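Worksheet for the structure shown next.
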Amino acid sequence: MRAVVKRIRIGEALVEEGAITAEQLDEALAKQKQSGQALGEVLVEKGAVSNHVLVGVLARRLGVVGCQLRPGLLDPELLKLIGPEEAERLVAIPLFRIHETLTVAMSEPQSLPKVDRLRQLTALKIRPVLALENNILEYIQKYAEGETDVDSFLASLSASDVELVQDEMVDDGPAADVSEMIEGSPIVNLVNMAILTAIKDSASDIHIEPDRKATRIRYRVDGALRELMRPPAGLHSSITSRVKVIGNMDIAEKRLPQEGRVRIFAARRQVDLRISSMPTVLGEKLVIRILDKSNLNTRMEQLGFRPQTLAAFLRALRQPYGLVLVTGPTGSGKTTTLYSALEVMRNPEVNVITVEDPVEYQLDGINQVQVQSQIGMTFARALRSILRQDPDVIMIGEIRDEETAAIAVQAALTGHLVLATLHTNDAAGAVARLVDMNVPSYLLAGALNGVVAQRLARRVCPGCATQYYPSKELLAEAGLARRKKHAFRKGAGCPQCNGTGCRGRVGIYEMLEVNSEIRPLIHIGAAGRELRAAVRKQGVKTLREEGVQLAWEGRISLENALAVTHSEGTDDEGQAPKPKAKPKTKTKTTTRARRKTQPKATPQTESQSAPDTAEEHTPRTDGAGKDEEAA
Numbered sequence: 020m021r022a023v024v025k026r027i028r029i030g031e032a033l034v035e036e037g038a039i040t041a042e043q044l045d046e047a048l049a050k051q052k053q054s055g056q057a058l059g060e061v062l063v064e065k066g067a068v069s070n071h072v073l074v075g076v077l078a079r080r081l082g083v084v085g086c087q088l089r090p091g092l093l094d095p096e097l098l099k100l101i102g103p104e105e106a107e108r109l110v111a112i113p114l115f116r117i118h119e120t121l122t123v124a125m126s127e128p129q130s131l132p133k134v135d136r137l138r139q140l141t142a143l144k145i146r147p148v149l150a151l152e153n154n155i156l157e158y159i160q161k162y163a164e165g166e167t168d169v170d171s172f173l174a175s176l177s178a179s180d181v182e183l184v185q186d187e188m189v190d191d192g193p194a195a196d197v198s199e200m201i202e203g204s205p206i207v208n209l210v211n212m213a214i215l216t217a218i219k220d221s222a223s224d225i226h227i228e229p230d231r232k233a234t235r236i237r238y239r240v241d242g243a244l245r246e247l248m249r250p251p252a253g254l255h256s257s258i259t260s261r262v263k264v265i266g267n268m269d270i271a272e273k274r275l276p277q278e279g280r281v282r283i284f285a286a287r288r289q290v291d292l293r294i295s296s297m298p299t300v301l302g303e304k305l306v307i308r309i310l311d312k313s314n315l316n317t318r319m320e321q322l323g324f325r326p327q328t329l330a331a332f333l334r335a336l337r338q339p340y341g342l343v344l345v346t347g348p349t350g351s352g353k354t355t356t357l358y359s360a361l362e363v364m365r366n367p368e369v370n371v372i373t374v375e376d377p378v379e380y381q382l383d384g385i386n387q388v389q390v391q392s393q394i395g396m397t398f399a400r401a402l403r404s405i406l407r408q409d410p411d412v413i414m415i416g417e418i419r420d421e422e423t424a425a426i427a428v429q430a431a432l433t434g435h436l437v438l439a440t441l442h443t444n445d446a447a448g449a450v451a452r453l454v455d456m457n458v459p460s461y462l463l464a465g466a467l468n469g470v471v472a473q474r475l476a477r478r479v480c481p482g483c484a485t486q487y488y489p490s491k492e493l494l495a496e497a498g499l500a501r502r503k504k505h506a507f508r509k510g511a512g513c514p515q516c517n518g519t520g521c522r523g524r525v526g527i528y529e530m531l532e533v534n535s536e537i538r539p540l541i542h543i544g545a546a547g548r549e550l551r552a553a554v555r556k557q558g559v560k561t562l563r564e565e566g567v568q569l570a571w572e573g574r575i576s577l578e579n580a581l582a583v584t585h586s587e588g589t590d591d592e593g594q595a596p597k598p599k600a601k602p603k604t605k606t607k608t609t610t611r612a613r614r615k616t617q618p619k620a621t622p623q624t625e626s627q628s629a630p631d632t633a634e635e636h637t638p639r640t641d642g643a644g645k646d647e648e649a650a
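Just so you know, we're using my numbering here: the sequence shown kicks off at 20 and counts up by one.
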């Protein structure tokens, strides 16, 4: 059965949208009968309508994206995927490829047989866009003959290809007229395309890196870097200059690191960009941090907290004063957790002040202070001033030094609720870290309300989730050596997740709630292992156990759970505890001797008797563990 292709009466469509008049249409139809040309070509030749308007009207009627082909929009090497002859027959030419998706300009993007043929030839997912037939055939012939010079590429790019305009600077400093500075810039389209693709894919960063053969542009999605495009190496200087102009940075200074920021309007919303440059041997490396408020989730219930962990965290936040810490490595979502906490406490009766470096997201109803070390505006200096601003809640972006730690603890002891982040491996490690910063343990015991340690794990993509059985070594590392029959989940890779098998992220949390049992241990300066043992005694799971639990439930893969968490079978110095030597021969022991060797019931003994691995605390969901043990 022959496929039906939707036909558009272009003349009527142009008249309906006001692009041409009825008289112009009649004249064009009369000329079309004489020449035999397509009606659109006749209208363009007569100057009644431009190619841009013609493509726009057709695209809207067909419900697809339209484009006017220019060298900057096409990768000439991709024509080899289908060949010039097949491209002419289908009237289609590949534009660019992002992972497993190939964007193709077609004169009939609504033709399913042609789209299916392209899918067979390329073994890729096809994203068709509309272009005029003569425009497509022109570039097929040009690239089939080998015309791929860089000069032609540079000369034809313009800012009108992508909707991305400067809106305003984030700070209040003077802003140059960027539109005049970049007018006619040859690589505007390339940079805009990279930024827009990253925003639409919910990326957090864009990396622009110099290489000997090409400029490598990558972006980070769900914590993992993906390659976006590889422009020619000769364009690297132009690309970095364009990005630095956007960020209001000095394009002449290439020997020193620089930072810039700007607010843009892209993909129909405002997005803040934070730009950082770093000189390398091959040239400047740029990183663009994308701060998109639409991706900011400030609802604590949606972050991934388990009910008991969330309840403990909220109890710590509802104290009238004290110190609440969120710990974890860079990129683990600490700032998002703090913003979620501020969202819980924000109301007209509370004065909330934050001091951050930098201010990542601007929140309504909260006073946010930007750290500027170059002029002496440090965390410590800002905190001293904030204490004279009658605050109820203070949020510190990061406790980095002794002075900041001391002021934060003093503020927590004098009637303020202080939220802060800290870099430690787990919740108990935050106590030792602050003691190392010369915070007296007796003061810390009175100030600390709780510590949340967290990681971010990549969710299994629901579109390609498959079951599998991990190896014995992997199960042993997870403390699940006896659970060989349980099927775990991981993603096989699909177009929805760009072949990664993961889509989105979920938080893994460990909560140390300072109560009547933990506070005395902090007061006497107990070691980290003693604190961990006391927390475990209260039924709190470690990060590793929480991660394994998520893998057991099929929300993340077991490999990812082990990759983002660390084993708890190490002491404070990072060395594995040595097992006690077993006696070679069995000897009788008197009662007095047993009493001498019997350890006292101290917190340290409880720590030593606590299991060092999660093997004795394997997750049991829906009775699965009981069934397997019974089997």
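The beta-carbon is built from N, C-alpha and C at its ideal position, and this holds for glycine as well. Bear in mind the structure is a predicted one, so any value in this text is a computation, not a measurement.
Give the range of the beta strand (DSSP E) segment to which V525 is assigned. Here residue 525 refers to the residue found at position 506 of the sequence shown. That run of the beta strand (DSSP E) goes C521 to E532.
Member of L462, S257, L569 and A500 whose CA lies at the smallest distance from the CA of G544: Walking along the sequence shown from the start, residue 544 turns up at place 525. It is L462 whose Cα lies nearest to the Cα of G544.
Collapsed DSSP secondary structure at L151 in the structure displayed: Along the sequence shown, read from residue 1 onward, the residue named residue 151 stands at position 132. Note: L151 maps to coil in three-state DSSP.
Looking at the strands, I want to know which residues DSSP matches up with G469. Looking up residue 469 in the sequence shown gives position 450. Answer is V343 and E532.
So is A174 buried or exposed if we call it buried at 16+ other beta carbons inside 10 Å? Start at 1 with the first residue of the sequence shown, and residue 174 comes out as number 155. Any reading at A174 must be qualified, since the residue scores a pLDDT of 44, below 50, and its modelled position is unreliable; the value itself is stated next. With fewer than 16 other Cβ atoms within 10 Å, it is exposed.
With K304 as the anchor, note down where its beta strand (DSSP E) starts and where it stops. Taking the first residue of the sequence shown as position 1, residue 304 is located at position 285. Where K304 is concerned, the enclosing beta strand (DSSP E) stretches over G302 to L310.
Integer Cβ distance of L499 from V437, believed to fall under 8 angstroms: For the purposes of this step, residue 499 is identified with residue 480 of the sequence shown, where counting begins at 1. For the purposes of this step, residue 437 is identified with residue 418 of the sequence shown, where counting begins at 1. So it is not a contact: roughly 39 angstroms between Cβ atoms.
T356 burial status per 10 Å Cβ neighbour count (16 or more: buried): Taking the sequence shown and counting its residues from 1, the one referred to as residue 356 is at position 337. So T356 counts as buried.
Member of L156, A430 and I101 whose CA lies at the smallest distance from the CA of I145: Reading the sequence shown from its first residue, position 126 is the one you call residue 145. Comparing Cα-Cα distances from I145 to each of L156, A430 and I101, the minimum goes to I101.
According to DSSP, residues forming a beta bridge with D291: Position 272 of the sequence shown holds residue 291. D291 pairs with R282 and L310.
Along the chain, where does the alpha helix (DSSP H) containing A335 start, and where does it finish? On the sequence shown, position 316 is the one that residue 335 refers to. Unbroken alpha helix (DSSP H) run through A335: P326 to L336.
Looking at the unbroken alpha helix (DSSP H) that takes in K219, where does it start and where does it end? Counted from its first residue, the sequence shown places residue 219 at position 200. It spans V207 to K219 - the alpha helix (DSSP H) in which K219 sits, taken as one unbroken run.
Between C483 and V525, what straight-line distance do the alpha-carbon atoms span, to the nearest angstrom? The residue given as residue 483 occupies position 464 in the sequence shown. The residue given as residue 525 occupies position 506 in the sequence shown. Roughly 18 angstroms between the two C-alpha positions.
Can you give me the Cβ contacts of Q387 inside the same chain, cut-off strictly under 6 angstroms, excluding the 5 residues immediately before and after it? Translated into positions along the sequence shown, residue 387 becomes position 368. T373 and V378.
In or out: V300 buried (at least 16 other Cβ within 10 Å) or exposed? Within the sequence shown, numbered from 1, the residue matching residue 300 stands at position 281. Label assigned to V300: exposed.
Looking at C-alpha atoms only, which residue of R261, I218, A163 and S221 is the closest neighbour of L209? Within the sequence shown, numbered from 1, the residue matching residue 209 stands at position 190. The residue with the shortest Cα to Cα distance from L209 is R261.
Inter-residue spacing [alpha-carbon to alpha-carbon] between R501 and G520: As a first step, residue 501 is located in the sequence shown; it is residue number 482 there, counting from the start. As a first step, residue 520 is located in the sequence shown; it is residue number 501 there, counting from the start. For R501 and G520, the distance between alpha carbons rounds to 27 angstroms.
I need the straight-line Cα distance from V363 to E272, nearest angstrom please. Position 344 of the sequence shown, counted from the first residue, corresponds to residue 363. Position 253 of the sequence shown, counted from the first residue, corresponds to residue 272. Answer to the nearest angstrom: the Cα atoms are 44 angstroms apart.
Endpoints, the beta strand (DSSP E) within which Y358 is located: Taking the first residue of the sequence shown as position 1, residue 358 is located at position 339. No beta strand (DSSP E) holds Y358; the alpha helix (DSSP H) holding it covers K353 to M364.
Reference V371; option with closest CA among P459, I413 and E64: Here residue 371 refers to the residue found at position 352 of the sequence shown. That would be I413, whose Cα lies nearest to the Cα of V371.
Tell me where the alpha helix (DSSP H) around V63 begins and ends. Taking the sequence shown and counting its residues from 1, the one referred to as residue 63 is at position 44. From DSSP, the alpha helix (DSSP H) with V63 extends over L58 to E64.
Within 8 angstroms, do at least three Cβ pairs link the region 420-436 to the region 541-561? no
Which value, in whole angstroms, describes the spacing of the CA atoms of P340 and R79? Here the question's residue 340 lines up with position 321 in the sequence shown. Here the question's residue 79 lines up with position 60 in the sequence shown. What sits at residue 340 in the sequence shown is Tyr, not Pro. Cα-Cα distance, rounded: 58 angstroms.
Assigned secondary structure, T485 (DSSP; H/G/I helix, E/B strand, else coil): Residue 485 sits at position 466 when you count from the first residue of the sequence shown. Three-state result, T485: strand.
CA-CA distance, N579 and G518? For the purposes of this step, residue 579 is identified with residue 560 of the sequence shown, where counting begins at 1. For the purposes of this step, residue 518 is identified with residue 499 of the sequence shown, where counting begins at 1. Between N579 and G518, the C-alpha separation is close to 16 angstroms.
Please look up how many angstroms separate the CB atoms of V83 and P128, rounded, as I've assumed it's under 8 angstroms. Taking the sequence shown and counting its residues from 1, one reaches residue 83 at position 64. Taking the sequence shown and counting its residues from 1, one reaches residue 128 at position 109. Rounded, the Cβ-Cβ distance is 5 angstroms, consistent with contact.
Quick check: the Cα distance between P514 and K232, rounded to an integer number of angstroms? Numbered from its first residue, the sequence shown carries residue 514 at position 495. Numbered from its first residue, the sequence shown carries residue 232 at position 213. Rounded to whole angstroms, P514 to K232 spans 29 angstroms at the Cα level.
Three-state secondary structure (DSSP) of G85: Within the sequence shown, residue 85 is the residue found at index 66, counting from 1. Residue state, collapsed to three classes: strand.
Nonlocal neighbours in the same chain, by C-beta distance under 8 angstroms from M188, ignoring five residues either side: Taking the sequence shown and counting its residues from 1, one reaches residue 188 at position 169. Any reading at M188 must be qualified, since the residue scores a pLDDT of 33, below 50, and its modelled position is unreliable; the value itself is stated next. These residues qualify, in order along the chain: A194, N267, R280, V281 and R282.
For L365, tell me which candidate among I385, T443, R563 and G469 has the shortest Cα-Cα distance. Position 346 of the sequence shown, counting from 1, holds the residue named residue 365. Reading the sequence as shown, one finds Arg at residue 365 and not Leu. For R365, the nearest C-alpha among the options comes from I385.
Residue closest to A472, alpha-carbon to alpha-carbon, out of E496, V458 and T440: As a position in the sequence shown, residue 472 is number 453, starting the count at 1. Looking at the Cα atoms, T440 is the closest of the given residues.
Between R138 and the rest of its own chain, which residues show a CB-CB distance below 6 angstroms, the 5 nearest in sequence each way excluded? Taking the sequence shown and counting its residues from 1, one reaches residue 138 at position 119. Same-chain partners within the cutoff: I145.
Taking the alpha-carbon of K312 as reference, which of R287, E320 and G323 has the nearest alpha-carbon? What you label residue 312 is simply residue 293 of the sequence shown in a count that begins at 1. Checked all of R287, E320 and G323; the closest Cα to K312 is R287.
Identify, in the order they occur along the chain, each residue of the same chain with its Cβ nearer than 6 angstroms to the Cβ of I657, setting aside the five sequence neighbours on each side. The structure shown has nothing for residue 657, since the chain only spans 20 to 650.
Which same chain residues, not among the five before or five after L550, have their C-beta less than 8 angstroms away from its C-beta? Residue numbering aside, residue 550 sits at position 531 when the sequence shown is read from its first letter. Cβ within range, chain order: A447, V450, L531, I537, L540 and I541.
How many Å lie between I39 and V68 at the Cα? In the sequence shown, counting from the first residue as 1, residue 39 sits at position 20. In the sequence shown, counting from the first residue as 1, residue 68 sits at position 49. Cα to Cα, the separation comes out at about 7 angstroms.
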